[in-house]
Structures are given as C-alpha cells and as structure tokens.
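*Asks:* Top to bottom, those sequences are chains A and B. When you line the first sequence up against the working numbering, it's residues 1 to 299, in that order. When you line the second sequence up against the working numbering, it's residues 300 to 627, in that order. The beta-carbon is built from N, C-alpha and C at its ideal position, and this holds for glycine as well.
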Amino acid sequence: MSLVSLVKVHNRSDFKKAIKRSFDLIRFRFPPNLQRIVVKPNMCCYSDYSTGTTTDPKIIAELIDFLRENLYSDLQFSIVESDASAMKLEYSSKILGYEKMSREKGVTLVNLTEDSNEEIKVKVANHSYTFLLPTTVKNADLFINVPKIRYILGTKISCALKNIYGCNPYPKKFKYHPYLDEVIVGLNKIMKPDLCLVDGIIVHGKYTKKLGLIAAGSDPVAIDSAAARIMGLNPKKINHIVLAEKEGVGNLNYEVVGESLRFFAKGFPKRSARDKIRSTIVRIGLSTLRRVGLNIPLY
Amino acid sequence: MVNIGLIGLGGIGKTHFYNSLRLKNARLVAVADISKTARQFAKAQGIKRVYNDYAKLLEDSSIDCVVIALPTFLHSECAIMAAECNKHIFLEKPLARNVKEGKEIVAKVQKAGVKTMVGYPLHFSEFAKIKAEIDNGHLGDVVNAYGINIWRGPFRSISNEHAHIPFSVPDWWFNPQLTGGGALMDLGCHMINLLIWYFGDKIVSVKSVLGYRFGMPLEDYALCFIKFKQGISAIVNVGWYCSERIIKVELFGTVKTISMVVGPAKTSSRMLHILGIKPLPESSAFYNELDYFVKCVINDCMPSPSTADALKDLEIISLAYKNQIQHT
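1) With a CB to CB cut of under 8 Å and the five nearest residues on each side skipped, what residues in its chain are close to Ser-85/A?
2) What is the DSSP secondary structure of Gln-76/A, counted as helix, strand or coil?
3) With a threshold of 7 Å on Cβ separation, who are the neighbours of Asn-448/B within its own chain once the five nearest residues in sequence on each side are excluded?
4) Tell me whether Ile-152/A sits in a helix, a strand or coil according to DSSP, three-state version.
5) Measure the C-alpha to C-alpha separation of Asp-115/A and Val-137/A and round it to an integer number of angstroms.
6) Is DSSP giving Gly-217/A helix, strand or coil here?
7) Note down the Cα distance separating Lys-342/B from Gln-409/B, rounded to an integer number of angstroms.
8) Residues of chain B with a CB under 7 Å from the CB of Lys-94/A: which are they?
9) Any idea what DSSP makes of Lys-123/A, helix, strand or coil?
10) Starting from Ser-532/B, follow the alpha helix (DSSP H) in both directions and report where the run begins and ends.
11) Around the C-beta of Ala-113/A, are 16 or more other C-beta atoms found within 10 angstroms, so that it is buried, or is it exposed?
12) Would you say Phe-466/B faces chain A, with C-beta separation under 9 Å as the test?
13) What span of residues does the beta strand (DSSP E) with Pro-420/B cover, start to end?
14) Between which two residues does the beta strand (DSSP E) harbouring Met-101/A extend?
15) Compile a chain-ordered list of the residues in the stretch 422 to 454 of chain B whose CB is closer than 7 Å to at least one CB of chain A.
16) Is the CB of Asp-363/B under 9 Å away from at least one CB in chain A?
17) Show which residues of chain A have a CB atom less than 7 Å away from the CB atom of Phe-473/B.
18) Which residues of chain B have a Cβ atom closer than 9 Å to the Cβ of Lys-100/A, listed in chain order?
19) Report the three-state DSSP secondary structure of Val-9/A (helix, strand or coil).
20) Output the distance between the C-alpha atoms of Lys-313/B and Gly-258/A, rounded to the nearest integer angstrom.
21) Residues of the stretch 2 to 19 of chain A in Cβ contact with chain B at a cutoff of 8 Å, in chain order, please.
22) Would you please verify whether the beta carbon of Asp-470/B is less than 9 Å from any beta carbon of chain A?
23) Per DSSP, Ile-306/B forms a beta bridge with which residues?
24) Please specify which runs of the beta strand (DSSP E), each continuous and at least 3 residues long, are wholly inside the stretch 476 to 538 of chain B, giving them in chain order.
25) Only counting the same chain, and skipping five residues up and downstream in sequence, which positions put a Cβ closer than 8 Å to that of Tyr-299/A?
26) Just the chain B side, please: which residues come within less than 9 Å of Ala-244/A by C-beta, in chain order?
27) Determine, using beta-carbon pairs with one atom in the stretch 248 to 255 of chain A and one in the stretch 217 to 231 of chain A, whether at least three such pairs fall under 8 Å.
28) Do you know offhand how far Thr-55/A's Cα is from Ala-354/B's?
29) Which of the three DSSP states is assigned to Thr-54/A in this structure?
30) Determine the direct distance from the alpha carbon of Ala-125/A to that of Ile-303/B, and round the result to whole angstroms.
31) Taking Cβ to Cβ, would you say Ile-214/A is nearer than 9 Å to Val-7/A?
32) My understanding is that Ile-495/B touches Asp-612/B, with C-beta atoms under 8 Å, so please give their C-beta distance in whole angstroms.
33) Against chain B, with Cβ distances strictly below 9 Å, would Tyr-307/A count as a contact?
34) Can you tell me whether Asp-608/B is helix, strand or coil according to DSSP?
35) Between the stretch 34 to 50 of chain A and chain B, which residues of the former have a C-beta closer than 7 Å to a C-beta of the latter?
36) To the nearest angstrom, report how far apart Gly-562/B and Lys-594/B are at their CA atoms.
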C-alpha cells in the first residue's frame with residue numbers, strides 16, 4: 001500500500017521543516033549519486049500562488065535548499081513547464097515569480113516546448129498515443145512533481161497526475177481535451193515522477209483559502225486519491241485516477257501518515273452539490289459553444 | 300441604415316462584433332483581421348466581406364463607419380487611414396500609445412471632418428447616473444473622489460471560479476513599446492476619462508505610484524493622484540492583479556457621499572449572457588455606446604467621448620508616468 005504524508009504548515013517560514021517531515025513520514029529514500037533533479041511545479045496560468053491556482057515558488061526554493069543541504073550541495077536543478085494554449089512560460093515565469101527564484105537559487109528554468117525531445121508511443125485503454133518526451137525529463141536522475149490541489153473542469157480535480165500534462169511539450173494542448181483522461185495517464189506512463197510534493201498551502205476550491213497542507217508520496221495515484229478525498233470527491237468516480245490505476249501508474253489504496261485526512265478535508269473549501277451542477281452546466285455549455293464554433297465572448 | 304466595418308476581431312472586437320449584429324439602425328457588412336481563424340469565424344456568422352488587410356476594408360465605399368478594435372500600437376495608423384478614407388470612426392480605448400500619436404489622430408480626424416468616438420463604456424453604464432447627481436448639485440461641492448478599476452485586465456480567465464482557465468494573452472500586451480503602458484494605460488484611462496467627464500479637464504497636478512508585482516517591464520498596478528482646478532482631489536486606483544473584477548466610483552461631497560460599484564458577474568449570469576438569454580449590465584454598456592455612436596452618425600451630431608477628450612486622458616497618463624512618487 002502506498003504512503004501519503006499530510007503535514008500542517010502554519011506559516012511560510014515553516015516550509016523547509018514541513019518538506020523534511022513529509023519526506024521522513026513516507027520514508028522516502030533518495031537514490032545515490034544524484035546529479036540532475038527535475039522539478040515540475042504548476043505554472044499553468046498567470047495567477048500567482050496567492051490565488052491558490054499555481055505552485056508557490058517559495059516551496060520550490062525551500063525544496064532546492066533542503067535537497068542541497070541534505071544530499072549534495074552541487075545538485076543541478078531544472079524547473080520545467082511547457083507552453084500551453086493560453087499560457088507562455090516566457091511570461092508566466094516572470095508573473096509567478098519563477099524567473100526571480102531560479103536566478104536567486106542558480107537553477108535552470110526549462111521551457112519543455114523548446115527542449116529537444118523524442119517520440120514515444122504509449123498504449124492507454126487499448127488506444128495508441130504518440131507523445132514527445134523532453135530530453136530534460138528523460139535525463140533526470142530524480143523527477144519531482146510539485147502540483148497544486150484544486151478543482152478543474154473536465155477532470156474534476158487537478159493534482160499530481162494532471163500536473164504532468166504540463167510536461168507535454170506540444171503547446172496547443174486543447175487538441176487533447178476530447179481524450180483528456182487517457183492523455184493524462186499516457187503522459188504519466190512515460191514521465192512518471194519519482195516523488196510528489198503537493199502544495200496545498202493555499203488552495204483554490206469553492207473559494208481561495210489558506211489550508212496549510214503539504215503532502216508527499218511517491219505514488220501519484222495514491223496522492224490524487226487522497227487529494228480527491230480532501231476535496232470531498234470519491235476518487236473511484238474520477239476517470240483519470242481509476243484509469244491510471246488500471247494502467248499500472250499507481251495504487252488507489254493508500255495509508256495516510258502524519259495529520260489526519262479528515263483534518264484537511266474539514267478545512268478544504270468544498271463545492272456544494274449546487275456548485276457541482278453549475279460546473280457541469282458550464283462544462284456542457286462551453287463544449288457546446290466550441291462544437292458550434294463559437295468562442296466565449298468576454299462581455 | 301449605417302454600414303459598419305469592424306477592424307480587429309480579438310477580445311474586445313468580438314464584443315463589438317456581437318453588438319453590431321444586434322444594432323437596429325446599422326448592419327455589420329465587413330470585417331478585417333489578420334487571423335485566419337477570426338476571418339473564418341466572421342464568415343461562419345454570415346459576414347460576406349471579410350478581409351485580411353484593413354486597408355482593403357477602408358477602400359470599400361459602401362462602408363460608412365468603422366469600429367477599430369486593434370492592438371493599441373495600430374490605433375494611430377488605422378485611425379488616420381480611416382479618416383483619409385472619410386469613414387466615421389469608433390476607436391477602442393486608449394486613443395493611442397502616447398500623446399504624440401494621439402495628437403496626430405485628433406489633427407487628422409478634425410481635418411477630415413469625420414465623426415469620432417472613443418470606446419469608454421462607463422459613460423453608458425450605471426456610472427452615468429453619478430454625472431446627473433453632480434450636475435444637479437445633489438452632492439454639494441465634491442471634495443474628494445475615488446475611481447477604482449481592478450481585475451485581471453489582459454490576464455483574464457473565464458471566471459473567478461475558473462481562474463485556472465485563462466484566455467490567451469497576445470504577445471503585444473507584454474511589450475510596453477506596443478501598449479504604451481500597463482494597467483494605468485489599460486484601466487486608468489477609463490477612470491481618468493470618467494473623472495474628467497464628471498469634473499472637467501482643468502487639472503492642476505498629477506502624480507503616481509506604479510507597481511510591478513508581476514516583474515514585467517510594464518506596471519501591473521498604479522495609484523494616480525489628480526488635483527482638479529476646482530479643488531477636487533481624486534485618486535485613481537487600478538490594477539491587473541485581482542481575479543475578481545471591481546469597478547467603483549466614490550465621491551465625497553459637502554452634502555452627501557455617493558458610491559457605485561460594478562462587481563463580478565456570477566457564473567450563472569455569465570452563462571445566461573453567453574447563451575444570449577440575458578446580457579450582463581456591462582455588456583449592455585458596450586452595446587449602448589455603439590448604438591449611441593450609430594445614432595450620432597445618422598443624426599449628424601458629434602459623439603462623446605471624442606478623440607479630443609481621449610487625448611486629454613493620454614496627457615494625464617503621460618504626466619502620471621513622468622511624475623512618479625519615489626519610495627525611499
């Protein structure tokens with residue numbers, strides 16, 4: 001059974017302590033002779049960490065410090081993300097504070113859309129997909145996934161599994177939306193993270209709230225399963241989580257270590273049944289508009 | 300019936316597109332946009348004359364007026380060409396990137412004798428009621444004023460609830476050479492124009508504090524302090540940093556205080572709007588301004604706010620950029 005650690009963080013100066021505790025709780029053993037570490041935060045839009053939608057660069061900075069202090073001081077870090085349909089890393093890295101952080105920490109910010117890559121074929125639910133595997137991710141000695149925990153249209157939740165969708169170098173990702181669940185699982189099959197560290201410090205649920213959660217685990221399916229429970233959702237009803245388990249990405253069953261799941265579930269700003277119905281209407285409305293070729297007008 | 304040509308089918312261009320189709324005294328006959336997708340969209344909506352170059356649209360003699368909804372760096376070039384082609388012009392705000400370009404536009408349209416209007420929808424919204432309150436003397440003498448316009452600006456998403464689903468931001472928005480400025484230019488021009496409409500254009504001093512939370516070469520928030528000649532002190536507070544939209548005007552008079560807020564629309568209201576069942580109030584303002592412009596063209600009267608009015612806004616913004624309060 002996979003371990004998922006849940007740690008309460010009281011303020012931003014506690015990040016490093018919380019990161020250490022979350023790794024200790026899952027008894028994570030770092031591989032020997034580490035050199036190249038790839039870190040994948042969520043930088044998918046232009047709303048910074050204070051909105052709860054993207055990973056706090058301070059967590060990444062503290063993670064880098066922790067690993068350099070506890071493993072090797074000369075570790076090479078690459079912070080990775082790719083361009084998306086409505087986001088360019090060139091700008092989001094500035095707006096979200098990653099450009100400044102990577103400069104201060106002496107780490108490389110890699111736009112996977114511009115990275116060299118190779119084609120990889122993968123089968124998901126008997127369908128064949130071809131994805132591009134970026135060289136930076138392929139050559140990583142350790143791949144750390146640092147997702148957010150939040151609701152999202154289409155897949156219901158965005159956490160560890162969905163965050164790897166941002167490693168797909170192809171920028172116009174909306175083309176994958178009709179097969180989102182299978183694509184997420186396919187990408188996780190070819191770019192499976194060694195370690196997940198969830199930034200649940202500020203969460204964007206029904207509203208934005210300081211939850212003070214740091215979660216860790218080496219199994220992204222277990223992490224997503226626990227995240228779904230915290231958000232008041234049944235992981236067995238979330239297609240990409242169930243499919244990921246079927247395809248051998250991880251395990252739906254997990255053991256929580258650290259704080260109780262109920263503690264964070266109680267504090268998470270959950271959506272009500274009415275919100276869920278509204279979200280479904282929005283989702284159907286948007287897909288209908290797209291089908292008839294209409295973009296969403298601003299006003 | 301007035302024939303309209305729409306130039307630019309981006310974010311705000313789409314709003315004008317839909318509103319033009321709803322106008323009673325006008326018909327949208329042509330659209331120009333460099334994007335193939337945008338042109339296909341226009342064709343699919345039944346527009347027969349679709350151009351990839353706005354110069355070709357301006358050559359079309361059957362078009363009476365044009366709605367220019369291009370990026371700011373193209374305003375001057377396009378507006379001047381439209382004036383030379385004798386088209387009446389509805390130009391999106393801000394007038395231009397800087398005062399120099401603004402003056403060129405004003406000189407050209409005055410020489411051509413065409414009607415011009417700059418898109419400031421707040422004139423056609425609830426905020427127009429405040430103008431009436433001031434003019435009727437209900438507030439007494441206004442002493443202080445606040446104009447607030449804070450939301451995501453170009454970094455908007457489909458709603459606050461779905462902040463992680465952003466709209467694509469065109470590259471020109473990130474380049475101060477092409478925009479002429481950041482939040483102060485984009486949102487500040489709305490509030491400055493509104494305050495000038497309320498209190499007149501005699502200004503004694505302008506100062507500003509600019510903020511760079513996003514680490515971009517253009518400001519993402521600004522506070523602008525304006526002292527009007529008649530003694531009113533005003534603060535314009537604008538920013539691109541908040542997911543939730545707020546437009547607020549607060550006036551403090553010797554008789555009473557008035558405050559008006561346009562907050563964020565509910566998702567359900569947005570859905571009703573998208574499905575064409577019930578327009579949002581701010582959407583009505585965009586429709587009303589275009590309708591008013593068309594009526595001015597039909598009735599041969601000068602619309603307001605004109606390009607000359609918008610030039611005044613640019614002059615104040617230019618002073619604000621120049622007179623920044625330095626923090627020590």
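*Replies:* Based on what the coordinates show:
1) One-based indexing of the first sequence puts residue 85/A at position 85. So the list reads Pro-171, Lys-172, Lys-173, Phe-174, once near-sequence residues are dropped.
2) Residue mapping note: residue 76/A aligns to position 76 of the first sequence, counting from 1. If DSSP states are grouped into helix, strand and coil, Gln-76/A belongs with the strands.
3) In the second sequence, residue 448/B corresponds to position 149, counting from 1. Correct list, in chain order: Leu-486, His-489, Met-490, Val-537, Ile-546.
4) In the first sequence, residue 152/A corresponds to position 152, counting from 1. Correct three-state label for Ile-152/A: strand.
5) Position 115 of the first sequence, counted from the first residue, corresponds to residue 115/A. Position 137 of the first sequence, counted from the first residue, corresponds to residue 137/A. Distance between the alpha carbons of Asp-115/A and Val-137/A: 10 Å.
6) As a position in the first sequence, residue 217/A is number 217, starting the count at 1. Looking at Gly-217/A - three-state DSSP - the assignment turns out to be strand.
7) In the second sequence, counting from the first residue as 1, residue 342/B sits at position 43. In the second sequence, counting from the first residue as 1, residue 409/B sits at position 110. About 34 Å.
8) Stepping through the first sequence from its first residue, residue 94/A is reached at position 94. Going along chain B in sequence order, the residues near Lys-94/A (Cβ under 7 Å) are Phe-513, Gly-514, Met-515.
9) For the purposes of this step, residue 123/A is taken as residue 123 along the first sequence, with counting starting at 1. Strand, per DSSP.
10) Within the second sequence, residue 532/B is the residue found at index 233, counting from 1. Counting along the chain, Ser-532/B falls outside any alpha helix (DSSP H), though it belongs to the beta strand (DSSP E) covering 532 to 538.
11) If you number the first sequence from 1, residue 113/A lands on position 113. In the sequence as displayed, the identity of residue 113/A is Thr instead of Ala. Thr-113/A is buried by the Cβ-count criterion.
12) Counting from 1 along the second sequence, the entry for residue 466/B is found at position 167. True, the Cβ-Cβ gap to chain A drops below 9 Å.
13) To locate residue 420/B, count along the second sequence from 1; it is residue 121. First-last for Pro-420/B: undefined, no H or E at that position.
14) Looking up residue 101/A in the first sequence gives position 101. Run containing Met-101/A: none in the beta strand (DSSP E); it sits in the alpha helix (DSSP H), 98 to 105.
15) Phe-454
16) Residue mapping note: residue 363/B aligns to position 64 of the second sequence, counting from 1. For Asp-363/B, the answer is no, since every Cβ of chain A falls outside 9 Å of its Cβ.
17) Position 174 of the second sequence holds residue 473/B. The answer, in chain order, is Tyr-91.
18) Residue 100/A sits at position 100 when you count from the first residue of the first sequence. Correct list: Gly-514.
19) The residue labelled residue 9/A in the question sits at position 9 within the first sequence. Residue state, collapsed to three classes: coil.
20) Here residue 313/B refers to the residue found at position 14 when the second sequence is read from its first residue. Here residue 258/A refers to the residue found at position 258 when the first sequence is read from its first residue. Approximately 52 Å between the Cα atoms of the pair.
21) none
22) As a working mapping, residue 470/B is identified with position 171 in the second sequence. Closer than 9 Å to some Cβ of chain A, the Cβ of Asp-470/B qualifies, so yes.
23) Reading the second sequence from its first residue, position 7 is the one you call residue 306/B. According to DSSP, Ile-306/B bridges with Ala-331/B, Ile-367/B.
24) 502 to 510, 520 to 527, 532 to 538
25) Along the first sequence, one-based indexing puts residue 299/A at 299. With a pLDDT of 36 at Tyr-299/A, under the threshold of 50, the predicted position of this residue should be treated as unreliable, and no value is reported.
26) Translated into positions along the first sequence, residue 244/A becomes position 244. Neighbours of Ala-244/A on chain B: none; closest Cβ ~21 Å, over 9 Å.
27) yes
28) In the first sequence, counting from the first residue as 1, residue 55/A sits at position 55. In the second sequence, counting from the first residue as 1, residue 354/B sits at position 55. Distance between the alpha carbons of Thr-55/A and Ala-354/B is about 46 Å.
29) Within the first sequence, the letter at position 54 stands for residue 54/A. In this structure, Thr-54/A counts as coil in the three-state DSSP scheme.
30) Numbered from 1 along the second sequence, position 4 holds the residue referred to as residue 303/B. Numbered from 1 along the first sequence, position 125 holds the residue referred to as residue 125/A. For Ile-303/B and Ala-125/A, the distance between alpha carbons rounds to 52 Å.
31) Position 214 of the first sequence holds residue 214/A. Position 7 of the first sequence holds residue 7/A. Yes, these two residues count as a Cβ contact at 9 Å.
32) Residue numbering aside, residue 495/B sits at position 196 when the second sequence is read from its first letter. Residue numbering aside, residue 612/B sits at position 313 when the second sequence is read from its first letter. At roughly 7 Å, the Cβ-Cβ gap stays under 8 Å, so Ile-495/B and Asp-612/B are in contact.
33) In the structure as shown, chain A starts at 1 and stops at 299, and residue 307/A therefore has no counterpart that could be examined.
34) Stepping through the second sequence from its first residue, residue 608/B is reached at position 309. In the structure shown, Asp-608/B sits in a helix (DSSP, three-state: H, G or I).
35) Cys-44, Cys-45, Tyr-46, Ser-47
36) Sequence index remark: in the second sequence, residue 562/B carries index 263 (1-based). Sequence index remark: in the second sequence, residue 594/B carries index 295 (1-based). Their backbone Cα atoms lie some 30 Å apart in a straight line.
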